[in-house]
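What follows is a set of notes on a single structure, which appears directly below.
In the numbering used here, the protein residues as written are 55 to 961.
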């Protein structure tokens with residue numbers, strides 16, 4: 055014997071447990087624990103349970119002191135933890151089996167109808183819940199099969215729906231083709247009927263299509279009257295949508311031609327107003343409106359409405375339209391444009407007219423240049439600027455004129471203007487220059503003059519805010535800050551300059567102690583500009599631009615009437631917040647961004663705009679208003695948050711914030727009804743996990759109270775709870791209440807069956823139940839009846855066996871029930887021996903049974919049989935003696951049996 059065997063034997067003798075055996079078991083258990091945990095992590099729970107059960111089976115269920123101590127030293131808490139893990143895994147496996155059984159039941163309920171998909175979809179959803187718990191190849195295969203079948207049914211349903219739509223719209227041949235595609239997937243009686251119904255209409259459809267082609271041919275040949283008559287006749291027999299649409303088009307064209315003809319007559323008669331009206335009507339009716347637009351342009355030319363004529367001729371192709379446009383420009387003395395319009399025309403007369411235009415244009419150009427020279431010589435800078443501007447507008451770009459204007463005329467004008475320091479006059483002139491020529495230089499001048507003007511005239515503070523803010527947006531591009539002499543070639547610190555200018559704006563508007571209303575007005579607008587500058591970038595990359603200058607929102611709104619249509623949007627589609635700052639919601643949006651929600655609510659505009667970005671701005675403010683109200687009076691948050699719902703659904707951050715605020719608000723509410731109302735609002739708004747759980751919980755509690763107050767039946771309660779389960783199908787409160795109600799209903803049904811002595815049916819109901827507790831109750835009742843009947847000798851062999859068997863069927867894993875079942879099975883075996891006249895074997899089996907009560911029961915049975923035989927005189931004396939002998943043999947120590955033994959002379 056080795057030293058380990060000796061040590062093991064010694065510890066077994068002294069401690070009752072072999073330490074070497076325990077050490078080996080501990081090592082194996084650790085290894086099994088790690089392997090089971092790895093399998094569980096990969097969702098292989100069934101394999102993990104098998105390994106855990108096998109590993110734990112070697113340990114005592116009720117270990118002694120020394121075994122517990124040694125296990126503690128070797129394993130610590132591993133054994134307890136492993137046991138808990140096994141319970142958890144076993145529960146999860148049982149849960150999956152239960153779910154899989156439910157899914158299988160749903161699949162059995164599926165009739166195979168290809169138009170029915172709900173059962174399949176529900177089964178797939180349940181199976182997918184199983185796969186989230188554990189890995190099971192069989193379930194995965196079933197899911198793939200079900201998904202394939204579901205996809206095929208959905209495709210079939212889509213095809214059938216498409217074919218039905220085609221048939222309803224009288225496109226029967228198309229419908230048949232689609233029905234045939236569906237038939238490849240499933241062939242059903244209803245599908246065959248639908249195909250047959252469509253086939254019956256094909257001949258009529260083909261007759262119609264032949265007529266339709268003839269109508270189209272007549273239309274292309276201009277025979278509208280005949281086409282209309284033929285189409286009307288075809289539609290009487292087969293009224294299809296394409297024919298109805300074509301008929302309407304033909305009738306409109308015919309009416310349009312008549313309107314055009316009447317317009318020509320009115321124009322010829324000199325009634326230009328009527329002619330224009332008729333041409334406009336014809337334009338709306340005719341498919342090609344070019345002829346109508348040319349006639350409208352001719353009417354405008356005849357009435358010398360040049361701008362109207364150009365509007366009608368815009369984007370019209372062809373030489374006639376080009377000629378008329380050139381003619382109109384020539385009449386407006388816009389000779390350069392007229393020449394370009396006629397440049398592509400090929401007729402000889404046009405060539406001569408082009409040459410005339412060219413000569414006239416050159417003479418006018420020379421005359422303008424002479425005028426500019428004269429005004430400059432006379433130092434009449436205002437007229438020199440006006441004449442130069444007109445020249446450039448009329449004749450286009452000219453380097454010498456532009457250089458003269460920008461380098462000489464304009465600087466002399468500005469020098470004259472700034473010399474007197476009349477800031478109001480300078481501001482007006484500078485603003486005009488800024489409006490007419492928006493660039494960095496004019497912006498710089500506007501910001502400077504507004505700064506000085508605001509020192510003496512606070513009414514101009516708003517102009518200072520937007521002009522200086524816009525200047526800040528373009529600070530790095532300002533030429534006056536390039537190569538500053540006193541910096542000795544050092545770069546300008548734009549960040550420091552920007553901070554100083556912002557400080558000066560803040561100081562200028564700080565009048566809250568003297569005029570709080572004006573302060574708030576200016577503060578709101580400066581806040582908008584400041585927020586915008588942050589979002590535009592430093593230097594700016596995004597925002598609205600006018601030519602090369604970035605424009606801030608207040609500046610944009612202020613000059614929108616003058617620059618309508620010439621702004622350039624440099625904001626990306628995903629920069630909705632920056633875009634919204636340029637709308638009439640900008641002030642409120644900026645307040646929200648700075649956390650001033652009360653002020654944002656006050657700043658909301660009363661007028662509404664239907665543009666996409668304005669709609670976003672409204673929802674943005676509504677979201678922040680709702681969040682603010684959620685912390686004050688939650689009912690006030692309902693309307694704004696409903697308005698913001700589309701944007702909330704698109705933003706994960708917004709959803710999380712609302713969930714957080716709703717969670718806090720929930721803790722404040724004390725009234726049950728208010729909880730219900732708030733939960734419903736939260737769920738309708740977000741439908742988040744917390745919202746679903748909250749609503750389901752309180753709706754379930756409401757059902758519980760209604761049941762307790764007998765306001766609704768259990769059947770109605772179950773229906774309502776199933777609806778609640780659709781809100782949150784994993785809610786433990788809802789699931790528990792459903793199980794409780796189902797249990798109580800099943801218990802009531804079983805109780806009624808028992809009261810009516812329908813034991814077998816009651817047992818069957820309990821076996822089919824999902825509730826183990828119900829099976830336990832019915833099993834206990836069976837055992838109670840068995841014990842009571844056995845004691846009182848009221849039950850025969852068959853009754854005892856049935857009761858024991860039923861109890862075992864309901865609770866096969868209960869040790870006590872197993873013992874009762876074995877007891878009843880032993881009695882049944884003894885009865886079967888007696889039925890086969892194998893009484894000696896039956897007595898021997900009863901005599902050596904581990905249950906004394908069986909010996910007494912069989913002995914009582916023999917005595918009762920004996921007494922009944924004596925009473926009825928149908929037993930021989932030998933048989934009477936034999937029965938008495940068997941009874942005595944079973945219970946020799948019973949005084950009554952001893953006396954019977956002597957009286958029958960059995961010794």
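We treat Cβ as the ideally placed atom computed from N, Cα and C, and that holds for glycine.
Alpha carbon to alpha carbon, what distance is there between residue 703 and residue 738? 12 Å
For residue 623, name the three-state secondary structure that DSSP assigns. strand
Could you name each continuous alpha helix (DSSP H) segment of 4 residues or more that falls completely within the stretch 302-357, going from the start of the chain to the end? 326-339 and 344-356
From the DSSP output, in three-state form, read off residue 604 for me. strand
Alpha helix (DSSP H) segment containing residue 258, residue limits: 243-274
Given residue 306, which residues of its chain have a CB within under 6 Å of its CB, disregarding the five upstream and five downstream residues? 339
Can you give me the C-alpha to C-alpha distance between residue 962 and residue 780, rounded to a whole angstrom? Because the chain here runs from 55 to 961, residue 962 falls outside it and cannot be looked at.
Is the beta carbon of residue 713 closer than 8 Å to that of residue 747? no
Need the endpoints of the alpha helix (DSSP H) that residue 219 sits in, please. 191-222
Give a yes or no on whether the C-beta atoms belonging to residue 254 and residue 233 are separated by under 8 Å. no
Beta carbon of residue 630 nearer than 8 Å to that of residue 667: yes
So what does DSSP say about residue 599, is it helix, strand or coil? strand
Is it buried or exposed for residue 927, if we count other Cβ within 10 angstroms and need 16 for buried? exposed
Please go through the same chain and pick out, in chain order, the residues whose beta-carbon is closer than 6 Å to the beta-carbon of residue 772, but skip the five residues on each side of it. 795
Quick check: the Cα distance between residue 919 and residue 933, rounded to an integer number of angstroms? 10 Å
Residue from 522, 591 and 777 whose Cα sits closest to the Cα of residue 579: 522
In this structure, how does DSSP classify residue 104 when only helix, strand and coil are distinguished? helix
Could you tell me whether the stretch 578-595 touches the stretch 643-663, using the rule of 3 or more Cβ pairs below 8 Å? yes
Is it a yes or a no for the stretch 793-810 touching the stretch 820-835, going by three-plus beta-carbon pairs under 8 Å? yes
Proximity to residue 525 [Cα-Cα], best of 358, 492, 687 and 106: 492
At the 8 Å Cβ level, is residue 926 part of the contact set with chain D, yes or no? Considering every chain present, this structure includes no chain D. It has just one protein chain.
If you draw a straight line from the alpha carbon of residue 551 to that of residue 615, how long is it in whole angstroms? 32 Å
Short Cβ contact (8 Å threshold) for residue 850 with residue 878: no
Residue 94 classed as buried or exposed, judged by whether at least 16 other C-beta atoms fall within 10 angstroms: buried
Taking its Cβ as the centre, do 16 or more other Cβ atoms sit within 10 Å of residue 297, making it buried, or is it exposed? buried
I need the boundaries of the alpha helix (DSSP H) containing residue 285, first residue and last residue. 278-291
Using alpha carbons as the reference points, say which of 184, 911 and 222 lies closest to residue 293. 222
In whole angstroms, give me the CA-to-CA distance for residue 138 and residue 829. 26 Å
Runs of alpha helix (DSSP H) wholly within the stretch 627-651 (minimum 4 residues, chain order): 630-635 and 640-647
Near residue 236, which residues of its chain fall below 7 Å by C-beta distance, leaving aside the five closest residues on each side in sequence? 210, 213, 214, 217 and 245
Tell whether a beta-carbon distance below 8 Å holds between residue 320 and residue 329. yes
Should residue 354 go down as buried or exposed, given a rule of 16 or more other Cβ atoms within 10 Å for buried? buried
Of the listed residues 86, 935, 506 and 909, nearest to residue 921 (C-alpha basis): 935
Does residue 228 come out as helix, strand or coil in the three-state DSSP assignment? helix
Residue 594 lies in the alpha helix (DSSP H); which residues open and close that run? From DSSP, residue 594 is part of no alpha helix (DSSP H); its letter is neither H nor E.
Do you know offhand how far residue 943's Cα is from residue 904's? 16 Å
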